[in-house]
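First to last, the sequence lines map onto chains A and B. In this text, residue positions in the first sequence follow our numbering: the first is 1, and each later residue adds one. In this text, residue positions in the second sequence follow our numbering: the first is 465, and each later residue adds one.
Number of protein chains: 2
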Amino acid sequence: MQQKRIAIIGAGPSGMAAMRAFAAAESQGEQIPEIICYEKQDDWGGQWNFTWRTGTDHYGEPVHSSMYRNLWSNGPKEALEFAEYTFDEHFGRPISSYPPREVLWDYIDGRASQSGVKDLVRFAHAVRWIDYDETAERFTLTVEDLRNRRTSREVFDEVIVATGHFSYPNVPNFDGIETFPGEVIHAHEFRGAERLAGQRVLLIGGSYSAEDIGVQAHKMGARHVTMSYRSRPQGFAWPEGVDEVPEILRFDGAEVSFVDGQRREFDAVVLCTGYLHHYPFLPNEMRIDSPNNLYPTGLYRGVVWQGNPHLYYLGAQDQWFTFNMFDAQAWYARDLILGRAELPSPEERVAHMEEWLRRHEALEDDPAAVRFQADYIRDLIEATDYPMFDLDAVVEIFLAWKQDKKRDILTYRDKAHRSVMTGTMAVEHHTRWLDELDDSRERYLLHQPSGELEHEEQASAPKR
Amino acid sequence: MQQKRIAIIGAGPSGMAAMRAFAAAESQGEQIPEIICYEKQDDWGGQWNFTWRTGTDHYGEPVHSSMYRNLWSNGPKEALEFAEYTFDEHFGRPISSYPPREVLWDYIDGRASQSGVKDLVRFAHAVRWIDYDETAERFTLTVEDLRNRRTSREVFDEVIVATGHFSYPNVPNFDGIETFPGEVIHAHEFRGAERLAGQRVLLIGGSYSAEDIGVQAHKMGARHVTMSYRSRPQGFAWPEGVDEVPEILRFDGAEVSFVDGQRREFDAVVLCTGYLHHYPFLPNEMRIDSPNNLYPTGLYRGVVWQGNPHLYYLGAQDQWFTFNMFDAQAWYARDLILGRAELPSPEERVAHMEEWLRRHEALEDDPAAVRFQADYIRDLIEATDYPMFDLDAVVEIFLAWKQDKKRDILTYRDKAHRSVMTGTMAVEHHTRWLDELDDSRERYLLHQPSGELEHEEQASAPKR
Chain A
1 MQQKRIAIIG AGPSGMAAMR AFAAAESQGE QIPEIICYEK QDDWGGQWNF TWRTGTDHYG
61 EPVHSSMYRN LWSNGPKEAL EFAEYTFDEH FGRPISSYPP REVLWDYIDG RASQSGVKDL
121 VRFAHAVRWI DYDETAERFT LTVEDLRNRR TSREVFDEVI VATGHFSYPN VPNFDGIETF
181 PGEVIHAHEF RGAERLAGQR VLLIGGSYSA EDIGVQAHKM GARHVTMSYR SRPQGFAWPE
241 GVDEVPEILR FDGAEVSFVD GQRREFDAVV LCTGYLHHYP FLPNEMRIDS PNNLYPTGLY
301 RGVVWQGNPH LYYLGAQDQW FTFNMFDAQA WYARDLILGR AELPSPEERV AHMEEWLRRH
361 EALEDDPAAV RFQADYIRDL IEATDYPMFD LDAVVEIFLA WKQDKKRDIL TYRDKAHRSV
421 MTGTMAVEHH TRWLDELDDS RERYLLHQPS GELEHEEQAS APKR
Chain B
465 MQQKRIAIIG AGPSGMAAMR AFAAAESQGE QIPEIICYEK QDDWGGQWNF TWRTGTDHYG
525 EPVHSSMYRN LWSNGPKEAL EFAEYTFDEH FGRPISSYPP REVLWDYIDG RASQSGVKDL
585 VRFAHAVRWI DYDETAERFT LTVEDLRNRR TSREVFDEVI VATGHFSYPN VPNFDGIETF
645 PGEVIHAHEF RGAERLAGQR VLLIGGSYSA EDIGVQAHKM GARHVTMSYR SRPQGFAWPE
705 GVDEVPEILR FDGAEVSFVD GQRREFDAVV LCTGYLHHYP FLPNEMRIDS PNNLYPTGLY
765 RGVVWQGNPH LYYLGAQDQW FTFNMFDAQA WYARDLILGR AELPSPEERV AHMEEWLRRH
825 EALEDDPAAV RFQADYIRDL IEATDYPMFD LDAVVEIFLA WKQDKKRDIL TYRDKAHRSV
885 MTGTMAVEHH TRWLDELDDS RERYLLHQPS GELEHEEQAS APKR
């Protein structure tokens with residue numbers, strides 16, 4: 001029998017998890033299929049592969065990463081830790097709970113590199129189109145080698161879509177916005193808040209992007225930060241110079257009116273209006289068409305496309321859990337492909353999805369949503385040999401994190417959490433997030449950075 | 465015999481010219497094939513269809529237009545006038561020689577609307593991929609209806625690519641640019657210079673984008689404008705506060721070093737580094753792979769793809785001439801498709817292309833380049849029934865325009881030229897370009913705008 005061929009689209013955290021999953025099986029003596037991972041960027045890491053570019057890249061392709069220079073994890077690393085490649089294993093010593101982007105990139109790079117899977121990736125290759133032949137039960141991928149500007153076709157038995165859904169901005173129109181004379185960007189194009197110093201900044205949106213770009217702008221000296229929400233305010237205890245207003249009525253040059261009758265003038269606007277599920281390489285019958293939620297319709301166990309069970313999606317959900325959830329999904333997809341797990345009948349899959357969609361619709365608050373996603377992951381891990389971990393303990397970490405944010409949105413990143421994988425307590429970082437202007441890995445890993453003294457007092461104070 | 469089916473990709477000036485060309489034949493009693501024009505934007509006009517958006521649009525597609533709010537034509541309208549739909553016919557009275565974008569959009573919209581061809585356009589439709597079946601001699605287009613998120617396939621006999629090549633920015637890397645704290649955009653994303661007021665601006669590039677964004681920034685009160693050239697300075701008599709420096713060595717935060725040893729600090733950077741020929745919907749064997757020049761290789765008469773003469777490109781050249789050149793190309797492509805003109809043998813086409821490429825390579829200066837393009841257009845028009853016009857007179861207009869710019873880069877748009885189509889002398893505009901901050905069509909067409917008095921003195925001074 002001919003060897004199966006598997007295409008993975010995207011070498012971000014989800015695609016890397018898929019390659020790791022197959023490598024893990026191979027190291028157990030399993031024969032694994034031929035795998036090709038197509039990645040349009042020049043390196044892997046997906047969102048974590050920072051670029052200064054915005055819009056389209058040097059190949060003319062839409063820039064993937066929405067990462068900004070100064071981003072630190074906005075959730076505790078203990079909630080995303082891999083169960084089979086811990087922070088202790090990678091760094092060899094305890095680190096803090098909210099590492100900056102370079103440190104997290106280093107962590108995921110370290111794990112995938114350990115498995116020797118980089119050779120599976122065709123970097124700077126964009127998948128242009130995917131066809132499925134019902135008779136042959138094969139996919140044909142039309143791919144462009146962006147460096148050599150050559151297009152070609154390859155045939156595969158299974159396709160894993162791991163392109164993410166935080167790359168194509170959702171950009172609604174606002175009356176009169178074309179008359180606004182200042183900078184107007186979407187959060188996807190935001191690369192750092194230094195240039196907002198002294199400015200009156202309008203952030204449109206009431207979720208994670210607005211929250212974090214808001215505190216970044218405050219940290220970097222914005223004159224004022226206004227956040228405009230549609231449904232409800234975020235309600236954090238914002239520092240002086242940051243506040244929330246309701247929905248926008250219209251722009252008139254630099255002046256913006258809001259539905260409560262207020263008018264304010266601004267120098268810059270950042271649209272924090274979310275992202276689109278956008279898969280321009282897929283015919284609509286193979287494509288998720290969903291808002292960003294915890295259980296997109298049409299995906300059995302959040303992974304297998306009901307319309308064609310040779311097509312898999314990783315990381316297509318909204319995310320409390322991230323890296324370890326992608327692992328659970330990748331291990332499950334791998335086991336289906338290897339025949340280690342059996343796919344239930346279409347009818348059984350429908351029944352399973354309906355049950356989970358019912359639970360999903362009944363979710364009433366964030367704690368329930370976190371528990372839902374923990375249960376979802378548990379269900380996946382139970383079907384595979386991925387190391388089970390204490391998901392309830394991770395739920396507690398999420399709830400503590402939410403409390404920390406509620407208490408003080410400027411200091412929650414200074415808190416430390418305990419790993420559920422190793423029991424290791426995170427260290428308090430040498431510098432408070434609000435005071436740290438150097439986000440490099442080098443600086444982060446310093447034991448005794450210059451300027452340590454000024455933080456001794458803070459470091460000895462109780463944190464939780 | 466079954467009716468031929470023609471696909472036009474893009475409803476910008478070139479695609480509109482193609483539709484107009486077929487409509488003109490139909491009005492002469494000719495039977496014309498079925499035509500579908502796919503346009504990814506919500507309206508036609510291509511570059512002239514201004515949007516405040518940058519990056520990707522509300523459908524997740526790369527934004528097409530590189531237009532900015534305050535753009536006025538940077539060449540005299542007498543050089544781009546349609547030979548069979550004059551400015552006099554559209555506006556009913558003489559206007560000035562350098563209209564702002566809304567006025568030019570109005571002109572091309574007026575012509576295409578007159579032909580009743582808007583129904584041929586499927587707006588918000590992106591062509592995803594094109595296949596060619598050698599045996600059937602047919603193209604299959606995979607198209608996405610962006611509003612309804614549905615993909616489908618349509619078969620065509622001939623395909624006209626009219627997507628332009630000033631939409632995908634060429635964005636080289638610069639050492640250390642990721643450390644620059646200010647705004648970094650490409651000219652493609654530039655929407656207006658108001659926000660550059662008071663700033664030290666670095667424009668990277670030495671061609672039209674740098675030139676015009678430079679004077680825009682000066683007009684809007686930039687503190688200083690530095691333009692960095694690679695091969696040679698533009699050499700205009702720049703006003704106080706604008707100058708040119710050679711190539712960049714590296715960025716170090718806000719400080720930039722240049723190869724001549726200078727260092728300067730900047731607040732904002734605009735990359736004016738040109739555009740890519742980028743056709744992500746075409747396999748490489750059907751795709752131009754060319755720098756931006758006056759005679760891309762592989763295109764017979766600059767229009768017919770040598771590798772497949774059922775495939776046509778419009779406007780794929782670098783451009784002195786624009787709208788009327790697209791007309792000449794569109795009329796020629798139309799006549800080939802209708803069988804009114806005969807395509808020479810492949811060998812004859814090669815000989816023809818080689819002759820023109822030899823002439824192209826021998827071009828030594830801009831005046832020679834303008835004459836080359838005039839000759840190129842003459843050759844096309846002679847093969848069709850498009851009204852021949854005095855191309856030598858247009859060459860003289862281009863040379864006068866270049867002289868005007870050389871004399872004063874801030875006032876060349878206040879000059880008036882004579883139409884070679886109608887003999888009408890353009891009027892002097894009611895307001896000098898440097899003083900006009902309202903670029904609307906409404907304001908432009910005012911006979912006696914408020915503020916007229918202050919310009920009476922200037923208006924009576926000799927202009928040329």
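For every residue, glycine included, the Cβ atom is placed at its ideal position computed from N, Cα and C. It should be emphasised that the depicted structure is a prediction, and the values quoted were computed from it without experimental measurement.
Whole-angstrom distance between D327/A and Y376/A, CA atom to CA atom = In the first sequence, residue 376/A corresponds to position 376, counting from 1. In the first sequence, residue 327/A corresponds to position 327, counting from 1. The alpha-carbon atoms of Y376/A and D327/A are separated by roughly 13 angstroms.
The region 579-589 of chain B in contact with the region 473-484 of chain B per 3-pair CB rule at 8 angstroms | yes
S883/B: buried (16+ other C-beta within 10 angstroms of its C-beta) or exposed?
-> As a first step, residue 883/B must be located in the second sequence, where it is residue number 419. That one is buried.
Is the CB of A471/B under 9 angstroms away from at least one CB in chain A?
-> The residue given as residue 471/B occupies position 7 in the second sequence. False, the Cβ-Cβ gap to chain A never drops below 9 angstroms.
Meets three-Cβ-pair contact criterion under 8 angstroms: the region 692-704 of chain B and the region 666-684 of chain B = yes
Simplified DSSP state of M480/B, which is helix, strand or coil | As a working note, residue 480/B is residue 16 in the second sequence. Helix at M480/B.
Is there contact here, the region 312-325 of chain A with the region 339-354 of chain A, by at least three beta-carbon pairs under 8 angstroms?
-> no
Could you say which of E846/B, F715/B, V623/B and T606/B lies nearest to R617/B if we only look at CA atoms?
-> Working through the second sequence from its first residue, we reach residue 617/B at position 153. Measuring from the Cα of R617/B, the nearest candidate turns out to be T606/B.
Is the CB of V527/B under 9 angstroms away from at least one CB in chain A?
-> Translated into positions along the second sequence, residue 527/B becomes position 63. Yes, V527/B lies at the interface with chain A (some Cβ there is under 9 angstroms from its Cβ).
L535/B beta carbon less than 9 angstroms from that of H629/B = The residue given as residue 629/B occupies position 165 in the second sequence. The residue given as residue 535/B occupies position 71 in the second sequence. Taking 9 angstroms as the Cβ cut-off, H629/B and L535/B do not qualify as a contacting pair.
Should the region 586-600 of chain B be regarded as contacting the region 491-507 of chain B, the criterion being three or more beta carbon pairs within less than 8 angstroms?
-> yes
Is it a yes or a no for the region 871-886 of chain B touching the region 544-563 of chain B, going by three-plus beta-carbon pairs under 8 angstroms?
-> yes
Between which two residues does the beta strand (DSSP E) harbouring A126/A extend?
-> In the first sequence, residue 126/A corresponds to position 126, counting from 1. Segment H125 to D133, the beta strand (DSSP E) holding A126/A.
CB contact check: A17/A to chain B, cutoff 9 angstroms = Position 17 of the first sequence, counted from the first residue, corresponds to residue 17/A. With 9 angstroms as the cut-off, A17/A does not count as an interface residue toward chain B.
Cβ pair L672/B, N538/B closer than 9 angstroms | Along the second sequence, read from residue 1 onward, the residue named residue 672/B stands at position 208. Along the second sequence, read from residue 1 onward, the residue named residue 538/B stands at position 74. Reading off the sequence, residue 672/B comes out as Tyr, not Leu. Contact: yes.
Kindly provide the ranges of any alpha helix (DSSP H) runs that are 4 or more residues long and lie completely inside the region 289-375 of chain A, ordered along the chain.
-> 323-338 and 346-361
Neighbour flag for F123/A against chain B, beta carbons, 9 angstroms = If you number the first sequence from 1, residue 123/A lands on position 123. No - not a single Cβ of chain B is within 9 angstroms of the one on F123/A.
I381/A bridges to which residues according to DSSP?
-> Indexing the first sequence from 1 puts residue 381/A at position 381. DSSP output for I381/A lists no bridge partner at all.
Distance between P633/B and S530/B (C-alpha atoms, nearest Å) | Counting from one through the second sequence, the residue named residue 530/B turns up at place 66. Counting from one through the second sequence, the residue named residue 633/B turns up at place 169. Answer to the nearest angstrom: the Cα atoms are 9 angstroms apart.
Rounded separation between Q867/B and P744/B - CA only | Residue numbering aside, residue 867/B sits at position 403 when the second sequence is read from its first letter. Residue numbering aside, residue 744/B sits at position 280 when the second sequence is read from its first letter. Distance between the alpha carbons of Q867/B and P744/B is about 39 angstroms.
Would you say F514/B reaches chain A, if we count a Cβ-Cβ gap shorter than 9 angstroms as a contact?
-> As a working mapping, residue 514/B is identified with position 50 in the second sequence. Yes - at least one Cβ of chain A is within 9 angstroms of the one on F514/B.
Cβ neighbour criterion (16 or more within 10 Å) applied to G915/B | Residue mapping note: residue 915/B aligns to position 451 of the second sequence, counting from 1. Bear in mind that the predicted position of G915/B carries a pLDDT of just 41, short of 50, making it too unreliable to give a figure here.
Straight-line gap, Q329/A to I381/A (C-alpha atoms, nearest Å) | For this step, residue 329/A is matched to residue 329 along the first sequence. For this step, residue 381/A is matched to residue 381 along the first sequence. C-alpha separation (whole angstroms): 8 angstroms.
Using a Cβ cut-off of 8 angstroms, pull out every chain A residue sitting near W769/B, in sequence order please.
-> In the second sequence, residue 769/B corresponds to position 305, counting from 1. None at all; the shortest Cβ gap to chain A is about 16 angstroms.
Whole angstroms is fine: what's the gap from V370/A's alpha carbon to M421/A's?
-> By one-based count along the first sequence, residue 370/A stands at place 370. By one-based count along the first sequence, residue 421/A stands at place 421. For V370/A and M421/A, the distance between alpha carbons rounds to 18 angstroms.
Could you list which residues in chain B have their beta carbon closer than 7 angstroms to that of L276/A, in chain order?
-> Residue 276/A sits at position 276 when you count from the first residue of the first sequence. Per Cβ cutoff of 7 angstroms: G524.
Answer with yes or no whether the minimum CB distance from F139/A to chain B is below 9 angstroms.
-> For the purposes of this step, residue 139/A is identified with residue 139 of the first sequence, where counting begins at 1. Chain B, which has no Cβ nearer than 9 angstroms to the Cβ of F139/A, makes this no.
Are the CB atoms of G45/A and S14/A nearer to each other than 9 angstroms?
-> Along the first sequence, one-based indexing puts residue 45/A at 45. Along the first sequence, one-based indexing puts residue 14/A at 14. No, Cβ-Cβ distance for G45/A and S14/A is not below 9 angstroms.
Simplified DSSP assignment, three categories, for M220/A | Here residue 220/A refers to the residue found at position 220 when the first sequence is read from its first residue. The answer is coil: DSSP assigns M220/A none of H, G, I, E or B.
Tell me, please, whether the region 724-732 of chain B touches the region 655-664 of chain B by the rule of three or more beta-carbon pairs shorter than 8 angstroms.
-> yes
Could you tell me which chain A residues have their CB closer than 8 angstroms to the CB of Y438/B, listed as they occur along the chain?
-> In this structure chain B extends from 465 to 928, so residue 438/B is not present and cannot be described.
Anything in the region 197-227 of chain A with a Cβ closer than 8 angstroms to a Cβ of chain B? List those residues in chain order, please.
-> none
Sequence-distant residues of the same chain with beta carbon closer than 8 angstroms to D379/A, five excluded per side | The residue you call residue 379/A lines up with position 379 of the first sequence. Counting only Cβ-Cβ distances below 8 angstroms, and skipping sequence neighbours, we find R301.
If you draw a straight line from the alpha carbon of P181/A to that of S904/B, how long is it in whole angstroms?
-> Working through the first sequence from its first residue, we reach residue 181/A at position 181. Working through the second sequence from its first residue, we reach residue 904/B at position 440. Rounded to the nearest angstrom, the two C-alpha atoms are 15 angstroms apart.
Roughly how many angstroms lie between the CA atoms of D392/A and T297/A, to the nearest whole one?
-> Locating residue 392/A in the first sequence gives position 392, counting from the first residue. Locating residue 297/A in the first sequence gives position 297, counting from the first residue. Cα to Cα, D392/A sits roughly 26 angstroms from T297/A.
Compute the Euclidean distance between the alpha carbons of V648/B and F190/A, then round it to the nearest angstrom.
-> One-based indexing of the second sequence puts residue 648/B at position 184. One-based indexing of the first sequence puts residue 190/A at position 190. Cα to Cα, V648/B sits roughly 11 angstroms from F190/A.
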